[in-house]
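Participant:
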Amino acid sequence: MKIKISVYLWIVATIIFLAVPQAEAGAVTRGELISVIVTTLELPLWSGNKYFKDVSPSHPHARAIESAAAQGILQPTEKFYPDIEASRAETLLYALRSLGLSREASILGNLPFQRHQGLPEYIQPYFRIAESITPLPPEVFLSEPKDVLQREDLASFRQWLLSCRNNLLWEEHFKGSRTTLILHRENAGRPPASWAIQAGTFPVESPEALALLSKLKSRGLPCVIDERPSGRVVLVGPFLHYVEAWAKTDLVKDIGTTRIVSFEDRPSGALFWSAIVTDINREMPRIVTAGEIAGRKQPLSWIAQNSGAEGAVNGGFFNGVHIIGSLVTRSFPVSGPWEERSAIGWDNDGTFHFGSGWFRAILRSGEEVLEINRFNMAPGSNEAALYSPHIWYFATGIPDDATEGKVTSEKLQEIKGAHLSNHFVPRDGYLVIARGFSANKLRRFAKGESVKIELLWQEENFKKCTEVLQAGPMLLLDGKRALTPEGFSESVIRGRHPRSIVGTDGESLWWIVVDGRDSWHSRGCTLEEAVSLASDLGLRDALNLDGGGSSTMWWQGSIVNSPSGNAERPLPYAVVF
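One point on numbering: in our numbering, the residue at position 334 of the sequence shown is 991, and numbering is uninterrupted.
Below, the structure is given as structure tokens:
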């Protein structure tokens, strides 16, 4: 429904802005403008059904107009008004949409920037991009944007379009009170080969996805399940024409929020990334888990808004509700290491370190010592596990043969058989669950005595760090390429995917999200390309974080990238600024 409302508002604003009867001599019509754009950029031509009621098959620009509609360049409306004059501002809008910059405009529209007086709001972000893009459009388009496009403007406009197709660069910087946000886009995009309606996202092997698929098929809709590492996505389609997908959204509006997404992409050189940059001498980020606030997983924006943050980004890997790899927040271990994969650690004084994230955890009380083998998951035979409120307020899967100790305010308050407990995790402490000979050791701890958790790091420099997250692989170390598999598959390493990266140039920490899986907007990158990106930005050390559908960045109230699933993936934790 939101799609339909936004299109209606676009129509009203367009009619008001372009309220002239027919083009005067020397003026360029909207239809001719679209023909110039489609032919100059060599966009794919549509030869199927027509959709605009006021564009007859005999219209001289009919095929170009319908082709632009098929690729989502034109809004899906009943009429296009092909014979009224085009303004220079509108010319910039359609040119930038044809170069694949509509997502950048959508992101920019939620951020503070200097608006141009007199232009409709829907044109404002496109005009701002035009003011800061390289190459710049002809000067008259920026100085007199409200004026009608003249035939004498077309030669310089075509040349600018060709230059953008060959080499496009756009970058904006936004200064916050704690951080700087950078948005960066390079190269022109290419329209998708086909479209689909994203009808729902579900966990891996979810039966709900199959139920929705069956429901949609019963309505005579073409639909498939896209099996992804992150879960199942139900798609209605494919459709070769964007408007065809748009028209079908009415048939699925009862199932909840839907989005039109690309189904099959074309090869593209487009690349978009956003970055939050922090001065290490001013303020360091925090790790905040969803469980500290409410719920085991939450969208990044929700975690950020409930943490008093200016910015936020996703962190390391996870599977379901379980964090994969070391996670330490405020010196407390929330998750244990995944072998010797690489990690980053820091403290509030600006100390940071990149290296192996492996550690051992020891529970100590006087002369008594107990090694912790697992974190926030049930212990195996003869193991001990630590459950903290960072993940959930209730420990699950506890075997009846275990012994449970409750620690609050760094003191052991009680020890009892796990079968006698409700397993509630204290907000100001944690539970220790032990089995076998680890349970025997735990029972030797004295109630009421002080208990401390000691972390024994493989790399000494992590001892100073109060926040640590393990991810990997390492990309750069001491200015040199450091990429090794670290146990990741070839598809993760060599595939072009959305990526999240953290790195430093020695003075600032850079948290970067690279968008992907969208030929219009951004192709994504391989890990080798991530190494090159980090190096080109002047980073000395850089670490790969969780990517794919997890790659998300939030700043001052809005998402400032385009997550690959077209929706935020719930996360167990976030890095907030």
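All C-beta atoms in this analysis are idealised placements derived from N, C-alpha and C, irrespective of residue type, glycine included.
#1: Quick check on DSSP: helix, strand or coil for V712?
#2: With respect to the alpha helix (DSSP H) encompassing K874, which residues constitute its N-terminal and C-terminal limits?
#3: Should the region 790-809 be regarded as contacting the region 724-734, the criterion being three or more beta carbon pairs within less than 8 Å?
#4: The alpha helix (DSSP H) that contains R785, what's its start and end?
#5: Excluding five sequence neighbours on each side, which residues of the same chain lie with their C-beta closer than 6 Å to the C-beta of A932?
#6: Who are I1019's beta bridge partners in DSSP?
#7: Near L826, which residues of its chain fall below 6 Å by C-beta distance, leaving aside the five closest residues on each side in sequence?
#8: On the CB-based measure, 16 or more other CB atoms within 10 Å of its CB, does G972 come out buried or exposed?
#9: Between T686 and chain C, is there a C-beta pair that is closer than 7 Å?
#10: Rounded to whole angstroms, how far is the Cβ of T1065 from the Cβ of P1083, which I believe are closer than 8 Å?
#11: Looking at the secondary structure, which residues open and close the beta strand (DSSP E) in which F929 lies?
#12: Give the straight-line distance between the Cα atoms of E1186 and R998, rounded to the nearest whole angstrom.
#13: Do G1204 and H1154 come within 7 Å of each other at the CB atom, strictly closer than that value?
#14: Excluding the five sequence neighbours on either side, which residues of its own chain have a C-beta within less than 7 Å of the C-beta of P994, listed in chain order?
#15: Identify every residue that forms a DSSP beta bridge with T1161.
#16: Beta-carbon separation of V1217 and A969 under 7 Å?
#17: DSSP three-state label for G775, please.
#18: Given a threshold of 16 other Cβ atoms within 10 Å of its Cβ, counted over all protein chains shown, does K1137 qualify as buried or as exposed?
#19: Just tell me which of R953, Q771 and L811 has its CA closest to the CA of V693.
#20: Mind the definition here: the region 814-823 touches the region 691-705 only if three or more C-beta pairs lie below 8 Å; say whether that holds.
#21: Are N1097 and H1010 touching if we call contact CB-CB under 7 Å?
#22: Under 7 Å, do R1031 and A1042 count as touching if we go by C-beta distance?
#23: What does DSSP give as the partner residue(s) for I980 in the beta ladder?
#24: Find the nearest neighbour of I1001 within the set R943, S1045, D740 and S1022, judged by alpha-carbon distance.
#25: Quick check: the region 1070-1077 against the region 1045-1060, are at least 3 beta-carbon pairs closer than 8 Å?
#26: Leaving out five residues before and five after V677 in sequence, what residues of the same chain have Cβ atoms less than 6 Å from its Cβ?
#27: In its own chain, which residues sit with a C-beta less than 6 Å from the C-beta of L897, not counting the 5 before and 5 after it?
#28: Report the rounded CA-to-CA distance for P769 versus F798, giving the unit in angstroms.
#29: On the DSSP bridge list, what partners appear for F896?
#30: Going residue by residue through the region 1025-1073, where are the continuous beta strand (DSSP E) segments of at least 3 residues, counting only ones entirely within it?
#31: Is A684 helix, strand or coil when you go by DSSP?
#32: Roughly how many whole angstroms lie between the Cα atoms of W1211 and D1004?
#33: Would you be able to state if there are at least three C-beta pairs under 8 Å between the region 706-716 and the region 759-776?
#34: Does the Cβ of R760 have 16 or more other Cβ atoms within 10 Å, making it buried, or fewer, making it exposed?
#35: P895 and F920: beta carbons closer than 7 Å?
#36: Taking C-beta to C-beta, are L753 and Y783 nearer than 7 Å?
Facilitator: Reading from the atomic positions:
#1: Indexing the sequence shown from 1 puts residue 712 at position 55. Of the three classes helix, strand and coil, the one that applies to V712 here is coil, per DSSP.
#2: The sequence position of residue 874 within the sequence shown is 217, counting from 1. P864 to K874 is the extent of the alpha helix (DSSP H) around K874.
#3: In short, these stretches do not touch, since the Cβ pair count stays below three.
#4: The residue labelled residue 785 in the question sits at position 128 within the sequence shown. Counting along the chain, the alpha helix (DSSP H) containing R785 begins and ends at Q781 to S789.
#5: Counting from 1 along the sequence shown, the entry for residue 932 is found at position 275. These residues qualify, in order along the chain: I839, W1167 and I1169.
#6: Looking up residue 1019 in the sequence shown gives position 362. I1019 is bridged to E1028 and E1111.
#7: Walking along the sequence shown from the start, residue 826 turns up at place 169. T791 and E843, listed in sequence order.
#8: On the sequence shown, position 315 is the one that residue 972 refers to. Classification of G972: buried, given that the 10 Å Cβ count is 16 or more.
#9: In the structure shown, chain C does not exist; there is a single protein chain.
#10: Here residue 1065 corresponds to residue number 408 of the sequence shown, with the count starting at 1. Here residue 1083 corresponds to residue number 426 of the sequence shown, with the count starting at 1. Indeed they touch by this definition, with Cβ atoms about 5 Å apart.
#11: Reading the sequence shown from its first residue, position 272 is the one you call residue 929. Unbroken beta strand (DSSP E) run through F929: L928 to D936.
#12: Counting from 1 along the sequence shown, the entry for residue 1186 is found at position 529. Counting from 1 along the sequence shown, the entry for residue 998 is found at position 341. Each residue's alpha carbon lies about 20 Å from the other.
#13: As a first step, residue 1154 is located in the sequence shown; it is residue number 497 there, counting from the start. As a first step, residue 1204 is located in the sequence shown; it is residue number 547 there, counting from the start. Going by C-beta atoms, H1154 is nearer than 7 Å to G1204.
#14: The count along the sequence shown starts at 1 and reaches residue 994 at position 337. Within its own chain, the residues whose Cβ lies closer than 7 Å to the Cβ of P994, once the five positions on either side in sequence are excluded, are G982, S983, G1014, W1015, F1016 and Q1127, listed in chain order.
#15: As a first step, residue 1161 must be located in the sequence shown, where it is residue number 504. The partner list for T1161 (beta bridge, DSSP) reads L1166 and D1198.
#16: Locating residue 1217 in the sequence shown gives position 560, counting from the first residue. Locating residue 969 in the sequence shown gives position 312, counting from the first residue. With a cutoff of 7 Å on beta-carbon distance, V1217 and A969 are scored as not near each other.
#17: Within the sequence shown, residue 775 is the residue found at index 118, counting from 1. DSSP, reduced to helix, strand and coil, places G775 outside both helices and strands of the structure shown, so it counts as coil.
#18: Numbered from its first residue, the sequence shown carries residue 1137 at position 480. With a 10 Å radius around the Cβ and a threshold of 16 neighbouring Cβ atoms, K1137 comes out exposed.
#19: By one-based count along the sequence shown, residue 693 stands at place 36. The option with the nearest alpha carbon to V693 is L811.
#20: In this structure the region 814-823 touches the region 691-705; the number of beta carbon pairs closer than 8 Å is three or more.
#21: For the purposes of this step, residue 1097 is identified with residue 440 of the sequence shown, where counting begins at 1. For the purposes of this step, residue 1010 is identified with residue 353 of the sequence shown, where counting begins at 1. Not a contact, by the Cβ cut-off of 7 Å.
#22: Locating residue 1031 in the sequence shown gives position 374, counting from the first residue. Locating residue 1042 in the sequence shown gives position 385, counting from the first residue. Yes, the pair counts as a contact, with Cβ atoms nearer than the cut-off.
#23: Working through the sequence shown from its first residue, we reach residue 980 at position 323. DSSP, once it has assigned bridges, lists F975 as partnering I980.
#24: Reading the sequence shown from its first residue, position 344 is the one you call residue 1001. Nearest C-alpha to I1001: R943.
#25: Flag = yes, the region 1045-1060 and the region 1070-1077 touch.
#26: Position 20 of the sequence shown, counted from the first residue, corresponds to residue 677. For V677, the pLDDT reaches just 47, beneath the cut-off of 50, and the residue's location in the model is therefore unreliable, although a value from the coordinates is still provided. Its chain contains I741 and E742 as the residues whose beta carbon lies nearer than 6 Å to that of V677, once the 5 sequence neighbours on both sides are disregarded; these appear in chain order.
#27: In the sequence shown, counting from the first residue as 1, residue 897 sits at position 240. Closer than 6 Å at Cβ, skipping near neighbours: S851.
#28: To locate residue 769, count along the sequence shown from 1; it is residue 112. To locate residue 798, count along the sequence shown from 1; it is residue 141. Going by the C-alpha atoms only, they are around 23 Å apart.
#29: As a first step, residue 896 must be located in the sequence shown, where it is residue number 239. W852.
#30: Those beta strand (DSSP E) runs which fall completely within the region 1025-1073 and span 3+ residues are 1025-1029, 1041-1044 and 1060-1065.
#31: Sequence index remark: in the sequence shown, residue 684 carries index 27 (1-based). If DSSP states are grouped into helix, strand and coil, A684 belongs with the strands.
#32: Numbered from its first residue, the sequence shown carries residue 1211 at position 554. Numbered from its first residue, the sequence shown carries residue 1004 at position 347. Roughly 22 Å between the two C-alpha positions.
#33: Taking 8 Å as the limit for Cβ pairs, the verdict is that the region 706-716 does not touch the region 759-776.
#34: Along the sequence shown, read from residue 1 onward, the residue named residue 760 stands at position 103. Buried, since its Cβ has 16 or more Cβ neighbours within 10 Å.
#35: In the sequence shown, the residue the question calls residue 895 occupies position 238. In the sequence shown, the residue the question calls residue 920 occupies position 263. By the CB criterion at 7 Å, P895 and F920 fall inside the cutoff.
#36: Taking the sequence shown and counting its residues from 1, the one referred to as residue 753 is at position 96. Taking the sequence shown and counting its residues from 1, the one referred to as residue 783 is at position 126. Inclusion of L753 and Y783 in the CB contact set at 7 Å is warranted, their separation being smaller than that value.
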